[in-house]
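*Asks:*
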Amino acid sequence: MALTNLPQELLDIIVEYSLPQSFENLATTCKRIYGRCTPFIKRHNELRSCFLDFGYYAHARDSLVAAFDLINLIAADPIVSRRFLSHLRVRGEPPKSVPSIEDGGVIVQLFANSTYLRRAQLDWKEYYSTFAEDVREMRYSQHGSAFLLTLLGDTENLTIPSSWKPNAATNQLLDVIVEEARRSTFLSSGLRPVTSFLGSLSRSETETWGLSWASPFLALPHLKLFSGPGSLAVGEKPTSLAFRGSPHIADTLEAAHLGGCCIDDVGITDFLKYTPRLKTLRYSHSTQHDYLPPDWNICKFVNAVAREAGSHLIELSVKILELRGSILPGKASTHSFQKLKKFEFPLELVMCNINAAGVTGNIATSLQRFFNGSLDPFVRDLIPTSVTHLSLKSEGMGSHDKALDALFRHFRAVRRSQLPNLQEVHIACIQEADNAYKQQCNKIVAEGDREGVVVHLQAYEYSEGLNWDG
Numbered sequence: 005m006a007l008t009n010l011p012q013e014l015l016d017i018i019v020e021y022s023l024p025q026s027f028e029n030l031a032t033t034c035k036r037i038y039g040r041c042t043p044f045i046k047r048h049n050e051l052r053s054c055f056l057d058f059g060y061y062a063h064a065r066d067s068l069v070a071a072f073d074l075i076n077l078i079a080a081d082p083i084v085s086r087r088f089l090s091h092l093r094v095r096g097e098p099p100k101s102v103p104s105i106e107d108g109g110v111i112v113q114l115f116a117n118s119t120y121l122r123r124a125q126l127d128w129k130e131y132y133s134t135f136a137e138d139v140r141e142m143r144y145s146q147h148g149s150a151f152l153l154t155l156l157g158d159t160e161n162l163t164i165p166s167s168w169k170p171n172a173a174t175n176q177l178l179d180v181i182v183e184e185a186r187r188s189t190f191l192s193s194g195l196r197p198v199t200s201f202l203g204s205l206s207r208s209e210t211e212t213w214g215l216s217w218a219s220p221f222l223a224l225p226h227l228k229l230f231s232g233p234g235s236l237a238v239g240e241k242p243t244s245l246a247f248r249g250s251p252h253i254a255d256t257l258e259a260a261h262l263g264g265c266c267i268d269d270v271g272i273t274d275f276l277k278y279t280p281r282l283k284t285l286r287y288s289h290s291t292q293h294d295y296l297p298p299d300w301n302i303c304k305f306v307n308a309v310a311r312e313a314g315s316h317l318i319e320l321s322v323k324i325l326e327l328r329g330s331i332l333p334g335k336a337s338t339h340s341f342q343k344l345k346k347f348e349f350p351l352e353l354v355m356c357n358i359n360a361a362g363v364t365g366n367i368a369t370s371l372q373r374f375f376n377g378s379l380d381p382f383v384r385d386l387i388p389t390s391v392t393h394l395s396l397k398s399e400g401m402g403s404h405d406k407a408l409d410a411l412f413r414h415f416r417a418v419r420r421s422q423l424p425n426l427q428e429v430h431i432a433c434i435q436e437a438d439n440a441y442k443q444q445c446n447k448i449v450a451e452g453d454r455e456g457v458v459v460h461l462q463a464y465e466y467s468e469g470l471n472w473d474g
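One rule links them: number in the working numbering = place in the sequence shown (from 1) + 4.
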């Protein structure tokens, strides 16, 4: 074997560079290679134990509580970032101290020698001075958190701090980091290996930046899962849109989790236009803060999702988390969904279609038309024929028992003609629900059983009935 004929000094270098992913495979190649790996085994296990799934926090038991602490560690032992930080959760708490430029040292040299800062046309001394001032003032350092990203080389799951505060300098740096990740042919290069990302901003920063801050991260070349809770993207504020005016495209993204967000049809259209391979979208709407639009047109939102992602979306969840205003009237259609298997939505969506079919906006008239049989197409068009798993969210009050009746009346005929693939139905049925609603739920359970469809009643408001990919 040619490898075993190499000098021992070269073998040792190969062994060290195999850490951590290929180390175990290399060690079991043959007896001689195992012998060269033996001195590295203890160190491999120690580093893997400490840093494979790593985050730093204030008041942590060890000394790693800030970006500076991790930068300091990487400066002393670069192999930590290149090989072991597979799952990094950044919390961005204030560091303790930092050397001055005049004092020099390994940390200062990291900034001075940074090719990322040079390519971003940022003066390293000015950048470092801002970072050092943040340290002295014991405040969160955006410059430190952003620079830390330049030192990573093997991170697959990345969480940025909720203190993340975009600014001109760090945005320039981030653009270069992402550009390098997309251009490099080496998998372990900067943020290139990242497949999962979680990030959100504070309330004040969200109001300023919306979801636009996320577009560079969304463009990472191997990103599969994006989680951006609490995001804002609305048409009345174009600067809040994720990709408006951005050169980036999220062409590898497969799953997006947008919980507690305020995104309208314009915002979700912008997002989906640049995520052409998205398979899973989980969204919950919240307008708890007074700077957010109080009302929501859920029908326009669903229609936009169907229009932009109907050809490739497999899983869709749309929920109402907290609404200060009202659900605006409209009519939803899911005809454009071609591959949708799992579908979750609130019964408010059904009521919108019932009211739209009633024309007058009078719910009593709408419901009368339903019972006369003229509303079926308006309501049942909400569920694509491809759906196998259905989840319905409701507090079980008002006219939601009628919404259930609208969906499942003549269940046998509907199941066979319009929903031939339906296997499971999950229905929210909390203890506080109206009796009429509970009776309707029990009726659907019995009818589903006769048709070979499993119906689950969820007794808790926030129960997760369906299993979601990503």
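Heads up, the beta-carbon is just placed ideally off N, CA and C, and yes, glycines get one too. What you are looking at is a predicted structure, and each value in this text was computed from that prediction instead of being measured.
Name the one or two DSSP bridge partners that LEU262 has.
*Replies:* In the DSSP output, where bridge partners are listed per residue, LEU262 has TYR287.
*Asks:* Of all the options LEU396, GLN176, ALA361 and THR256, which has the alpha carbon lying nearest to the alpha carbon of LEU320?
*Replies:* Of LEU396, GLN176, ALA361 and THR256, the residue nearest in Cα terms is LEU396.
*Asks:* Report yes or no: do three or more beta-carbon pairs, one from the segment 296-316 and one from the segment 248-265, lie closer than 8 Å?
*Replies:* Short answer: they don't touch.
*Asks:* Report the partner residues of SER321 according to the DSSP bridge assignment.
*Replies:* Per DSSP, ARG286 and GLU348.
*Asks:* Ordered along the chain, which non-local residues of its own chain (more than five positions away) have a Cβ less than 6 Å from that of GLU393?
*Replies:* The question names Glu, yet the displayed sequence has His at residue 393. The answer, listed in chain order, is LYS346, GLU428 and LEU470.
*Asks:* Between ASN359, GLY314 and GLN342, which lies nearest to LEU332 when the distance is taken from Cα to Cα?
*Replies:* Measuring from the Cα of LEU332, the nearest candidate turns out to be ASN359.
*Asks:* Just mark HIS414 as buried or exposed, buried being the case when its beta carbon has 16 or more other beta carbons within 10 Å.
*Replies:* The residue is exposed, with fewer than 16 neighbouring Cβ atoms inside 10 Å.
*Asks:* Among GLY314, LEU282, LYS35 and LEU386, which one has its Cα closest to the Cα of SER337?
*Replies:* It is LEU386 whose Cα lies nearest to the Cα of SER337.
*Asks:* With a cut-off of 8 Å, do at least 3 Cβ pairs link the segment 157-175 to the segment 205-215?
*Replies:* Output reads yes: the segment 205-215 touches the segment 157-175.
*Asks:* Have a look at the DSSP bridge pairing and note the partners of TRP300.
*Replies:* Beta-bridge pairing links TRP300 to ILE331.
*Asks:* Could you spell out where the alpha helix (DSSP H) holding ALA218 opens and where it closes?
*Replies:* ALA218 -> no alpha helix (DSSP H), and no H or E assigned at all.
*Asks:* With distances taken between CB atoms, is the gap from THR159 to SER118 smaller than 8 Å?
*Replies:* It is not a contact, given that the beta carbons lie outside the stated cut-off.
*Asks:* Could you tell me whether the Cβ atoms of GLY400 and ILE448 are closer together than 8 Å?
*Replies:* Against a cut-off of 8 Å, the Cβ pair of ILE448 and GLY400 comes out as no contact.
*Asks:* Given that a residue counts as buried once 16 or more other Cβ atoms are within 10 Å of its Cβ, and exposed if not, what is PRO3?
*Replies:* Lying outside 5 to 474, the shown extent of the chain, residue 3 is not represented and no answer is given.
*Asks:* Classify GLN444: buried if its beta carbon has 16 or more other beta carbons within 10 angstroms, exposed otherwise.
*Replies:* The residue in question, GLN444, is buried, as its Cβ has 16 or more Cβ neighbours within 10 Å.
*Asks:* Between ASN307 and the ligand FMN, is the CB less than 7 Å from at least one heavy atom?
*Replies:* This structure does not include the ligand FMN; it has no bound ligands of any sort.
*Asks:* Quick check on this structure: which residue in TYR131, TYR38, ALA440 and ALA172 has the alpha carbon closest to the alpha carbon of PHE151?
*Replies:* Nearest of TYR131, TYR38, ALA440 and ALA172 to PHE151, Cα basis: TYR131.
*Asks:* By Cβ distance, which residues of its chain are closer than 8 Å to ARG517, with the 5 residues on each side in sequence left out?
*Replies:* This structure gives no information on residue 517, because the portion of the chain shown stretches from 5 to 474.
*Asks:* Given a threshold of 16 other Cβ atoms within 10 Å of its Cβ, counted over all protein chains shown, does TYR287 qualify as buried or as exposed?
*Replies:* By the neighbour-count rule (16 or more Cβ atoms within 10 Å), TYR287 is buried.
*Asks:* What three-state label does DSSP hand GLN435 in the structure shown?
*Replies:* GLN435: coil per DSSP, three-state reduction.
*Asks:* Just the Cα atoms here: how many angstroms apart are LEU257 and LEU282?
*Replies:* Rounded to whole angstroms, LEU257 to LEU282 spans 6 Å at the Cα level.
*Asks:* Give the straight-line distance between the Cα atoms of ASN301 and ILE105, rounded to the nearest whole angstrom.
*Replies:* Those two C-alpha atoms are separated by around 54 Å.
*Asks:* Excluding the 5 residues flanking VAL180 on each side, which residues of the same chain have their C-beta closer than 8 Å to its C-beta?
*Replies:* For VAL180, where only same-chain residues beyond five positions count, the Cβ hits under 8 Å are TYR120, ARG123 and ALA124.
*Asks:* What residue range does the alpha helix (DSSP H) around THR163 cover?
*Replies:* It is not in any alpha helix (DSSP H) - THR163 instead sits in the beta strand (DSSP E) that spans 161-163.
*Asks:* Could you have a look at PHE247 and say whether DSSP puts it in helix, strand or coil?
*Replies:* Coil, per DSSP.
*Asks:* Buried or exposed for PRO43, going by 16 or more other Cβ atoms inside 10 Å?
*Replies:* That one is exposed.
*Asks:* I'd like to know whether the C-beta atoms of LEU351 and SER398 end up nearer to each other than 8 Å.
*Replies:* It is a contact, given that the beta carbons lie within the stated cut-off.
*Asks:* If distances are taken between C-alpha atoms only, which option among SER403, GLU28 and ILE37 comes closest to ASP16?
*Replies:* Residue ILE37 is the option with its Cα nearest to ASP16.
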